[in-house]
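Below: the structure, in structure tokens.
2 protein chains.
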Amino acid sequence: MTTGMHDSDVEAEVSSRSRFLDAALDLFVEHGYNGTSLQMIGDRLGVSKAAVTYHFKSKDDLIRAVIAPAFHELQELLDGAEAIKRESARRTHALDGYVDYLIRQRRVASWLSRDVAAIGHPVVYEPAQQLTGRIDALLIAGPHDEIAQIWGSAITQALTGPILNPVSISDGDLREQLLAIGHQLIRGHQAAVRRSTKSD
Amino acid sequence: MTTGMHDSDVEAEVSSRSRFLDAALDLFVEHGYNGTSLQMIGDRLGVSKAAVTYHFKSKDDLIRAVIAPAFHELQELLDGAEAIKRESARRTHALDGYVDYLIRQRRVASWLSRDVAAIGHPVVYEPAQQLTGRIDALLIAGPHDEIAQIWGSAITQALTGPILNPVSISDGDLREQLLAIGHQLIRGHQAAVRRSTKSD
DNA sequence: GTCTATAGCGCGATAGAC
DNA sequence: GTCTATCGCGCTATAGAC
């Protein structure tokens with residue numbers, strides 16, 4: 481036990497917020513945010529829907545709590561990567577960290593990539609927009625023209641693809657393939673830039 | 481006017497099914513299937529929500545009608561591609577056709593890729609599952625092991641990425657970049673297969 | 001053939017029992 | 001502090017006016 485809580489807190493802790501967050505995320509992944517009712521979350525834990533609105537005063541509060549850890553982790557990664565001066569080292573660090581983030585937070589990441597209702601939610605929209613803009617800027621070299629936008633969205637979507645449907649492969653092997661996918665598309669973008677400047 | 485309808489049908493035709501389908505798709509793209517009510521669709525066309533359930537007897541019927549043209553087009557493409565004997569020619573034809581499909585049907589394609597509620601809908605789920613399985617099989621060479629699954633999902637997701645957020649680029653230039661992305665990832669997969677067989 | 005009116009249901013949220 | 005009971009709302013779907 482590495483936390484500082486008392487023995488009497490153990491049972492309360494296990495049956496508390498994190499269980500609700502876990503159940504909610506499971507259901508958001510499967511049915512989407514709008515398709516998941518507080519009733520469904522309560523049923524899964526054997527409590528009433530009122531028990532859910534007790535722990536989280538609204539459904540808005542719940543979605544904020546579910547995404548917070550992933551957004552926080554991604555933000556720290558971006559802060560660290562953006563502090564790196566050399567472009568190629570910065571890009572490599574961002575790709576490594578983003579792949580790690582996707583694997584560690586794959587449930588949240590795959591949910592948000594497939595649920596327009598969640599991304600469009602007032603609580604989620606603006607921070608998500610900002611984070612994706614920053615990761616795009618880190619992964620793509622050169623000016624942010626139309627071609628960079630296209631390849632940038634291709635990279636982030638390509639990295640998300642393999643985490644959508646669980647594959648029977650170790651996290652380490654998955655990481656290796658995701659990095660290969662990222663580097664392959666970064667090279668592809670650079671080649672596309674060379675092609676377009678040559679034809680100018 | 482290339483259709484055979486009478487002049488008296490013109491006004492009825494313009495204000496009929498296709499207008500409902502177009503408005504519904506617009507709203508599905510923006511708010512998701514569960515986030516779009518019949519009320520919202522009626523409001524956009526200046527009619528009551530009952531007018532929507534008159535043309536389509538249920539919301540299930542509506543989603544079926546919205547996706548039908550895109551699914552039909554994709555199915556014809558797959559039938560044609562699968563009839564090609566030589567693997568590399570089959571793969572090239574599938575990639576070309578799939579990119580054309582994504583550009584022509586970009587609203588439906590980007591909606592379905594971002595709305596778990598729509599993909600999970602009974603009317604959509606099974607045909608969509610079958611179509612994505614077939615396109616994956618066409619685009620990826622060799623045995624369908626874990627690595628093939630990973631790169632297959634990376635390719636289809638990467639191709640979908642650039643159509644999600646409209647970019648100010650012509651369809652022709654977009655097509656060129658999507659083909660480059662597809663070929664780049666197909667080459668990446670082949671290199672990954674060589675790496676993994678060498679290390680066995 | 002197209003609409004209004006409304007039924008019937010499930011939702012998120014809350015007041016108050018315990 | 002945690003639950004039960006319930007409120008008010010918006011949803012899909014339908015019956016029936018026009």
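Chains as they are written, first to last, in the working numbering: chain G, 481 to 680; chain Y, 481 to 680. Cβ atoms here follow ideal geometry from the backbone N, Cα and C, with glycine treated the same way.
Y:Asp625 sits in coil when the DSSP states are folded into three classes, being neither helix nor strand. In this structure, the alpha-carbon of Y:Leu554 lies about 45 Å from that of G:Val527.
At a cut-off of 8 Å between C-beta atoms, G:Pro642 counts as an interface residue with respect to chain Y. With respect to the 8 Å criterion, G:Leu582 and G:Leu658 are classified as neighbours on the basis of their beta carbons.
The beta carbon of G:Gly652 does not come within 8 Å of any beta carbon belonging to chain Y, so the residue lies off that interface. Within the same chain, Leu518, Gln519 and Gly522 come within 6 Å of G:Lys529 by CB-CB distance, once the 5 residues on both sides are set aside.
Here the alpha carbons of Y:Ser496 and G:His624 stand approximately 42 Å from one another. Excluding the 5 residues flanking it on each side, Y:Tyr513 has same chain C-beta neighbours closer than 7 Å at Ile543, Asp595, Ala597, Ala598 and His601, in chain order.
The beta carbon of G:Arg524 sits closer than 8 Å to those of Ala503, Asp506 and Leu507, all from its chain and outside the five residues before and after it, given in chain order. In this structure, Y:Leu592 keeps its C-beta atom at 8 Å or more from the C-beta atom of Y:Ala617.
In terms of Cβ geometry, Y:Ala589 and Y:Ala548 do not form a close pair [threshold 8 Å].
If only complete runs of 3 or more residues are kept, the region 562-611 of chain G shows no beta strand (DSSP E) anywhere. According to the DSSP assignment, G:Asp680 belongs to no alpha helix (DSSP H), since it is labelled neither H nor E.
Excluding sequence positions up to five before and after Y:Val579, its CB lies within less than 8 Å of the CB of Leu639, Arg655, Leu658, Leu659 and Gly662, all in the same chain and listed in chain order. Nearest C-alpha to Y:Gly613 among G:Asn645, G:Lys537, G:Gln585 and G:Ile630: G:Asn645. Closer than 8 Å at the C-beta level to chain Y, one finds these residues of the region 621-650 of chain G: Glu626, Ile627, Gln629, Ile630, Trp631, Ser633, Ala634, Ile635, Thr636, Gln637, Ala638, Leu639, Thr640, Gly641, Pro642, Leu644, Asn645, Val647, Ser648 and Ile649. With fewer than 16 neighbouring CB atoms inside 10 Å of its own CB, Y:Gln610 falls in the exposed class. Taking a Cβ-Cβ cut-off of 9 Å, the neighbours of G:Arg594 in chain Y comprise Ser593, Arg594, Asp595, Val596 and Ile599, given in sequence order. Residue-level contact check: Y:Ala672 touches chain G, since one or more beta carbons of chain G fall below 8 Å from its beta carbon.
Taken through DSSP and simplified to helix, strand or coil, G:Thr533 comes out as helix. From the beta-carbon of Y:Gly512, the residues of chain G found nearer than 8 Å are Gly512, Asn514, Asp595, Val596, Ala597 and Gly600. Check the Cα spacing between Y:Gly515 and each of Y:Lys539, Y:His552 and Y:Ala621: the tightest is with Y:Lys539.
In the DSSP assignment, Y:Gly522 falls within the unbroken alpha helix (DSSP H) covering Leu518 to Leu525. Straight through space, the alpha carbons of G:Arg587 and G:His535 are spaced by roughly 22 Å. G:Arg675 sits exposed, since fewer than 16 C-beta atoms from the chains shown fall within 10 Å of its C-beta. A straight-line Cα-Cα distance of about 7 Å links G:Gln637 and Y:Ala634.
No Cβ of chain G is located within less than 8 Å of the beta carbon of Y:Gln585. Counting only the Cα atoms, Y:Trp631 lies some 16 Å from G:Gly652.
The beta-carbon separation of Y:His573 and Y:Ala561, rounded to 5 Å, stays under the 8 Å limit for a contact. Interface annotation, G:Ile661: in contact with chain Y, CB-CB separation under 8 Å. When Cβ-Cβ separations below 8 Å define contact, Y:Gln664 makes contact with chain G.
Closer than 8 Å to the CB of G:Gly613 there is not a single CB belonging to chain Y.
Interface with chain Y (8 Å Cβ-Cβ cutoff): G:Gln609 is excluded. The alpha-carbon of Y:Arg584 is positioned some 12 Å away from that of Y:Asp576. Counting along the chain, no alpha helix (DSSP H) covers Y:Val647, and no H or E run does either.
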